[in-house]
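**Q**
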Amino acid sequence: MSNDAQQSYRDTVAASIADPAGFWGEAAGLVDWITPPRQVLDDSDPPFYRWFPDGRLNVCFNALDRHVVHGRADQTALVYDSPVTGTQRSYTYAQLLDLVARFGGVLRDLGVGKGDRVVIYMPMIPEAVVAMLACARIGAVHSVVFGGFAPAELAARIEDAEPTVVVSASCGIEPTRTIAYKPMLDEAIRRSAHKPEHCVIVQREQQTCELGERDLDWARVMHPDAAAPAACVPVAATDPLYVLYTSGTTGKPKGIVRDSGGYAVALRWSMTNLYGVRPGEAWLCGSDVGWVVGHSYIVYAPLLTGATTILFEGKPVGTPDAGTYWRLVDQYDAVAAFTAPTAIRAIKKQDPRAELVKEHDLSSLRTLFLAGERLDPDTWQWATDHLGVPVIDNWWQTETGWPIATNPVGLALFDIKPGSPTLPTVGYDVRVLDERGEEVAPGTEGAICIRLPLPPGTLPTLWRDDDRFVASYLSAHQGYYLTGDGGYVDEDGYLYVMGRTDDVLNVAGHRLSTGSLEEALAGHPSVAECAVIGVRDALKGQVPRALVVLKAGIDLDQAQTDALEAELVQRVRDEVGPVAALRQVDVVDALPKTRSGKILRKTMRQIADGQEAQVPSTIEDVGVLDALAPVLRAGSPS
1 MSNDAQQSYR
11 DTVAASIADP
21 AGFWGEAAGL
31 VDWITPPRQV
41 LDDSDPPFYR
51 WFPDGRLNVC
61 FNALDRHVVH
71 GRADQTALVY
81 DSPVTGTQRS
91 YTYAQLLDLV
101 ARFGGVLRDL
111 GVGKGDRVVI
121 YMPMIPEAVV
131 AMLACARIGA
141 VHSVVFGGFA
151 PAELAARIED
161 AEPTVVVSAS
171 CGIEPTRTIA
181 YKPMLDEAIR
191 RSAHKPEHCV
201 IVQREQQTCE
211 LGERDLDWAR
221 VMHPDAAAPA
231 ACVPVAATDP
241 LYVLYTSGTT
251 GKPKGIVRDS
261 GGYAVALRWS
271 MTNLYGVRPG
281 EAWLCGSDVG
291 WVVGHSYIVY
301 APLLTGATTI
311 LFEGKPVGTP
321 DAGTYWRLVD
331 QYDAVAAFTA
341 PTAIRAIKKQ
351 DPRAELVKEH
361 DLSSLRTLFL
371 AGERLDPDTW
381 QWATDHLGVP
391 VIDNWWQTET
401 GWPIATNPVG
411 LALFDIKPGS
421 PTLPTVGYDV
431 RVLDERGEEV
441 APGTEGAICI
451 RLPLPPGTLP
461 TLWRDDDRFV
471 ASYLSAHQGY
481 YLTGDGGYVD
491 EDGYLYVMGR
501 TDDVLNVAGH
511 RLSTGSLEEA
521 LAGHPSVAEC
531 AVIGVRDALK
541 GQVPRALVVL
551 KAGIDLDQAQ
561 TDALEAELVQ
571 RVRDEVGPVA
581 ALRQVDVVDA
591 LPKTRSGKIL
601 RKTMRQIADG
611 QEAQVPSTIE
621 DVGVLDALAP
631 VLRAGSPS
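Residue numbers (our numbering): 1 to 638.
1) If you run the structure through DSSP and keep just helix, strand and coil, what is K598?
2) Can you tell me which of the three DSSP states Q614 falls into?
3) Helix, strand or coil: how does DSSP classify D42 here?
4) Name the one or two DSSP bridge partners that H198 has.
5) Nearest-angstrom Cα distance between P421 and G499?
6) Do G372 and K598 come within 9 Å of each other at the CB atom, strictly closer than that value?
7) Just reading off the alpha helix (DSSP H) that T384 is part of, what are its end residues?
8) Which residue from L185, P341 and G479 puts its Cα closest to that of T384?
9) Around the Cβ of P460, are there at least 16 other Cβ atoms within 10 angstroms (buried) or fewer (exposed)?
10) Grouping DSSP H, G and I as helix and E and B as strand, with all else coil, what is P341?
11) Go ahead and label T249 buried or exposed: buried means 16 or more other beta carbons lie within 10 angstroms of its beta carbon, across all protein chains shown.
12) Three or more C-beta pairs closer than 8 Å, one from the segment 156 to 170 and one from the segment 111 to 120: is that the case here?
13) Taking the alpha-carbon positions, what's the W641 to P456 distance?
14) Going along the chain, which residues of its own chain have a beta-carbon closer than 8 Å to the beta-carbon of S513, five neighbours each way excluded?
15) Determine the closest residue to G261 out of Y80, R50, D467 and T305, with distance taken between C-alpha atoms.
16) Consult DSSP for D186 and reduce its assignment to one of helix, strand or coil.
17) Identify whether V293 lies in helix, strand or coil by the three-state DSSP scheme.
18) Excluding sequence positions up to five away, which residues of its chain have a Cβ less than 7 Å from the Cβ of Y494?
19) Quick check: what's the CA-CA separation for G29 versus I344?
20) Classify D492: buried if its beta carbon has 16 or more other beta carbons within 10 angstroms, exposed otherwise.
21) Would you mind listing the alpha helix (DSSP H) stretches within the segment 468 to 535 that are 4+ residues and don't spill past its ends, in chain order?
22) To which residues of the same chain is R327 closer than 7 Å at the C-beta, ignoring the five residues directly before and after it?
23) Which full runs of the beta strand (DSSP E) of 3+ residues lie inside the segment 402 to 466, going along the chain?
24) Which one of T594, A77 and S596 has the shortest CA to CA distance from Y332?
25) How many angstroms separate the CA atom of P240 from the CA atom of L304?
26) Can you look up S16 in the DSSP assignment and give me helix, strand or coil?
27) Is it buried or exposed, E281, if we count other Cβ atoms within 10 angstroms and call 16 or more buried?
28) Beta-carbon separation of V470 and P175 under 9 Å?
29) If you check the beta carbons only, do V432 and C449 fall under 9 Å apart?
30) Counting C-beta neighbours from all protein chains within 10 Å, is the total for I392 16 or more, i.e. buried, or is it exposed?
31) Spell out a yes or no on whether the segment 568 to 586 and the segment 533 to 549 are touching, meaning 3 or more CB-CB pairs, one atom from each, closer than 8 Å.
32) Whole angstroms are fine: how far does the CA of I310 sit from the CA of P289?
33) List the DSSP bridge partners of P234.
34) Between the alpha carbons of L517 and G212, how many angstroms are there, rounded?
35) For V527, which residues in the same chain have their Cβ closer than 8 Å to its Cβ, ignoring the five residues on either side in sequence?
36) What does the Cβ neighbour count give for T400, buried or exposed, with the cut at 16 atoms within 10 Å?
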């Protein structure tokens with residue numbers, strides 16, 4: 001796009017920070033209000049800011065009813081594609097509205113009212129989306145828990161949210177196994193001090209379950225004669241739409257609160273302006289509704305926009321192969337796709353020459369978006385070379401709900417700098433601060449912070465815990481939200497996110513980000529993915545260790561492996577400098593990750609340091625960590 005468009009966007013960002021009430025007051029016109037807000041921002045009680053405090057709306061109405069009213073009744077709203085079950089279904093806006101209104105009636109008849117909580121513990125099936133929107137319809141607060149979470153973690157969330165009803169399914173389906181959900185749900189309820197009054201269970205034909213006294217069969221309660229459809233219940237813009245739990249440093253999960261009005265406005269604005277997706281277009285987001293990306297960009301943003309959202313039950317590889325995303329884009333004419341860098345690395349490892357890309361017509365695809373972890377330049381280059389469309393990094397958090405920084409393709413496509421998610425987004429006054437809370441010069445690494453107030457759609461607080469909200473995010477630097485990530489801003493204003501601040505290495509007084517070392521390693525033609533951790537060293541405080549996974553088809557004997565490891569050590573020395581002090585590289589079969597694709601660097605570091613490792617409940621495959629533990633314990637570099 002033109003330089004004029006780029007300057008216009010920079011001016012828009014500046015205006016949104018200088019006059020947030022003016023900018024977001026105009027953006028509020030993108031949604032339908034029952035009572036339009038007269039006040040845009042209530043800043044009378046910092047650090048607790050409230051957006052559109054006197055406005056009233058219903059988010060479900062904005063996601064479904066208004067599109068039906070305004071001519072999109074027969075447009076496809078939701079596509080369900082499940083290669084693990086061989087199922088494909090689509091729902092028009094009118095059909096999805098009918099299901100949501102009926103399940104809203106079910107919840108209402110089970111005693112769920114405005115402000116009551118509903119825990120949703122489900123696989124990637126349409127009923128999960130229906131349940132979320134039904135809660136929004138009747139003013140209830142949903143809390144989605146990733147399907148397959150262990151009973152202890154599910155129990156902690158049930159106990160904290162105190163749901164009236166839990167909605168679940170008999171099982172979830174992975175590429176190589178079926179996971180029974182009902183026994184885990186029963187055990188979680190047994191452990192929880194709070195007992196939900198009812199559980200509604202979707203019986204899946206792949207594995208059904210026995211129902212107990214509190215359990216109800218989804219198919220039975222959703223019979224057309226079973227419950228009258230629910231109407232939309234007006235809620236305050238500041239009322240919670242959902243609570244989404246994220247891991248906390250104390251072991252107790254943090255309940256991220258998402259308000260209704262600010263979230264609806266921010267997501268509707270972002271879908272077209274940041275992601276470039278317009279009403280009527282199809283969009284693929286390869287996440288899970290258990291994560292924030294699934295909430296924001298599988299369910300709410302596309303439906304608030306009037307787009308078609310693709311709900312995918314499968315994996316980027318293995319269901320059936322590394323071409324499944326490209327098949328989805330081809331089959332449904334998706335104009336944009338969103339996934340994690342880990343997914344692209346997995347695809348690259350299985351199909352390094354992108355032969356499967358060539359088997360599909362990707363002419364509809366305009367953009368690939370990647371987020372959830374740092375996008376290394378090598379992965380960016382592979383996707384760029386083989387897809388032939390802009391590959392856009394975007395950086396945000398569960399807490400923010402939508403991007404802090406990205407390349408705003410709907411408004412202006414800026415030059416892409418590999419390793420950077422480009423510019424801070426509207427409403428986010430991003431500053432890089434040193435330990436004293438002073439802003440650092442361009443190119444200097446520090447703590448990435450956001451000056452308050454945060455824009456609409458971000459967390460106003462934690463569920464029933466204002467004190468923890470302040471202590472966790474707002475106490476480090478007065479007037480700033482601490483992201484927990486480190487990085488820097490360059491001379492052009494581009495932001496570089498180099499990793500969590502606890503992933504910053506302090507080697508003999510020199511601060512080094514794991515991201516810079518990983519970038520050097522990932523650029524080697526044999527490396528599929530890598531992770532660098534800092535381990536204790538008596539002399540230097542910390543020294544880095546690297547673990548690398550090789551691309552598919554590369555089979556080395558021990559001598560060749562030793563030679564490659566030495567070559568990688570030299571590569572880091574050449575590209576980062578001898579101050580990096582990397583002397584140990586281990587070639588491993590796989591890296592331990594969470595289900596959302598984040599590499600467990602902290603857990604690996606704890607094992608390497610001989611500490612008791614904190615293994616998060618979100619780990620994808622504990623066997624990978626078990627296999628890696630002996631390597632990690634094999635001694636620090638000399």
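C-beta atoms are modelled at their ideal positions from N, C-alpha and C, and glycine is treated no differently. The structure presented is a predicted model; accordingly, all values stated were derived computationally and were not measured.
**A** In brief:
1) DSSP places K598 in coil when its eight states are reduced to three.
2) coil
3) In this structure, D42 counts as strand in the three-state DSSP scheme.
4) V165
5) 13 Å
6) yes
7) Where T384 is concerned, the enclosing alpha helix (DSSP H) stretches over P377 to L387.
8) P341
9) buried
10) helix
11) Caution is warranted here: a pLDDT of 49 is assigned to T249, below 50, making its placement in the model unreliable, and the coordinate value is therefore given only provisionally. Exposed, because fewer than 16 other Cβ atoms sit within 10 Å of the Cβ of T249.
12) yes
13) The shown model of the chain, from 1 to 638, leaves out residue 641, and the question about it has no answer.
14) E445, G486, G487, M498, G499, D503, V504 and L505
15) R50
16) helix
17) helix
18) Cβ neighbours of Y494 beyond the five flanking positions: K417, S420, T422 and L423.
19) 37 Å
20) exposed
21) 514 to 522, all fully within the segment 468 to 535.
22) H360
23) 429 to 433 and 446 to 451
24) A77
25) 17 Å
26) helix
27) Buried, because 16 or more other Cβ atoms sit within 10 Å of the Cβ of E281.
28) For V470 and P175, no; Cβs fall outside 9 Å.
29) yes
30) Classification for I392: buried.
31) yes
32) In the sequence as presented, Pro is not what sits at residue 289; that position holds Val. So the two alpha carbons sit approximately 12 Å from each other.
33) None, per the DSSP bridge assignment.
34) 54 Å
35) D378, L521, V548, V549, L550, K551 and L568
36) buried
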